[in-house]
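Q:
Numbering (my numbering), first residue to last: 5 to 159.
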């Protein structure tokens, strides 16, 4: 069954980039609610930011540790979807975070990106996160930014 919303827009595929922050957890729960309402396939994505490791002598070890943490983050996120009636998949990538989100969304034909307004970065906590800002500005896919990232209500 294909659900449609205003103007014939479909939400068959929803992409949810996460980083372990409260905002990304809130976005994950919002995507779950939307997905249930519209019968959407959900992809949970996390990205290892390889740019921060460019000048490190131990880059390989740092990226490997990032991959291990990302896998654990995805396993934890997937636990929140045990009762989800639709299809859910997880994916991790390495690269520039915003660019990877945009690329995955466009290459995968996603209808919607649901993401938090701020991530784990110290600087990005003061303003709309630089990642979410870049995704909003450059993605051809519709982006929903979830705000109010205080306490997360698990469902």
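For each residue, glycine too, the CB sits at the ideal point set by N, CA and C.
From residue 44 to residue 146, what distance separates their C-alpha atoms?
A: Distance between the alpha carbons of residue 44 and residue 146 is about 15 angstroms.
Q: Do the stretch 74 to 91 and the stretch 103 to 117 meet, that is, are 3 or more Cβ pairs less than 8 angstroms apart?
A: As far as the Cβ criterion goes, the stretch 74 to 91 does not touch the stretch 103 to 117, which means the pair count is below three.
Q: Between the Cα of residue 87 and the Cα atoms of 37, 141, 30, which residue gives the shortest distance?
A: Checked all of 37, 141, 30; the closest Cα to residue 87 is 37.
Q: Suppose you measure from the CA of residue 46 to the CA of residue 100; what does that come to, to the nearest Å?
A: Taking the straight line from one Cα to the other gives about 22 angstroms.
Q: Please work out which residues of its chain come closer than 6 angstroms, Cβ to Cβ, to residue 142, disregarding the five sequence neighbours upstream and downstream, and give them in chain order.
A: Cβ neighbours of residue 142 beyond the five flanking positions: 106.
Q: For residue 78, which residues in the same chain have their Cβ closer than 7 angstroms to its Cβ, ignoring the five residues on either side in sequence?
A: Excluding residues within five positions, the ones whose Cβ falls inside 7 angstroms are 48, 50, 94, 96.
Q: For residue 136 and residue 149, which I take to be in contact (beta-carbon distance under 8 angstroms), what is that distance rounded to the nearest angstrom?
A: Yes, they are in contact, since the Cβ atoms of residue 136 and residue 149 sit about 6 angstroms apart, within 8 angstroms.
Q: Find out if the Cβ-Cβ distance for the pair residue 111, residue 144 is shorter than 7 angstroms.
A: Cβ atoms of residue 111 and residue 144: not closer than 7 angstroms.
Q: Hey, quick one: how far does the alpha helix (DSSP H) through residue 39 stretch, first residue to last?
A: Element bounds for residue 39: 26 to 42.
Q: In three-state terms, what does DSSP make of residue 145?
A: Of the three classes helix, strand and coil, the one that applies to residue 145 here is coil, per DSSP.
Q: With a Cβ-Cβ cutoff of 7 angstroms, do residue 22 and residue 32 count as a contact?
A: Yes, these two residues count as a Cβ contact at 7 angstroms.
Q: Within its chain, find whatever has a CB closer than 6 angstroms to the CB of residue 102; leave out the 5 residues flanking it on each side and keep chain order.
A: 135, 138, 139.
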